[in-house]
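Chemist: First, the structure itself, so that you have it in front of you.
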Amino acid sequence: MRSNMSLASELVLESELSDLELLSQALQEAQDAHARGLIGGPGLDELQLERAARRARKADTKRLLNTRIPAEGAIA
Numbered sequence: 001m002r003s004n005m006s007l008a009s010e011l012v013l014e015s016e017l018s019d020l021e022l023l024s025q026a027l028q029e030a031q032d033a034h035a036r037g038l039i040g041g042p043g044l045d046e047l048q049l050e051r052a053a054r055r056a057r058k059a060d061t062k063r064l065l066n067t068r069i070p071a072e073g074a075i076a
């Protein structure tokens, strides 16, 4: 069982990941579980994966464009 401290640090790290990084991490975990036989069913649908990756990239770009930097934090 994980300690609360390691769980909290893991949550902080995940919150700092981009949508595309989270998708990639979840995909790797799902592929590993499928290979170990923990998940049944067909393999990966490449078309759906590409669509999900495209949505993740769009969300990351939108978040980046909406990020505001205070004037005192900007370097001229």
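Take 1 as the starting number for the sequence shown in full-length UniProt numbering and just add one per residue.
Don't be surprised by glycine CBs; every beta carbon is placed ideally from N, CA and C.
Computed from a predicted model, the values in this text were never measured in an experiment.
Could you work out which residue in E72, A56, I69 is closest to L23 when comparing CA atoms only?
Modeler: Within the sequence shown, the letter at position 23 stands for residue 23. Per the Cα distances, A56.
Chemist: Starting from D32, trace the alpha helix (DSSP H) both ways and give me its first and last residue.
Modeler: Taking the sequence shown and counting its residues from 1, one reaches residue 32 at position 32. Residues 19-35.
Chemist: Cutting at 7 Å between CB atoms, please list the residues of its own chain near R54, excluding the five before and the five after it.
Modeler: Here the question's residue 54 lines up with position 54 in the sequence shown. Cβ neighbours of R54 beyond the five flanking positions: none.
Chemist: Three-state secondary structure (DSSP) at D60?
Modeler: As a working mapping, residue 60 is identified with position 60 in the sequence shown. D60 falls in the helix class under three-state DSSP.
Chemist: Assign R68 to one of three DSSP states: helix, strand, or coil.
Modeler: As a working note, residue 68 is residue 68 in the sequence shown. Coil at R68, not helix or strand.
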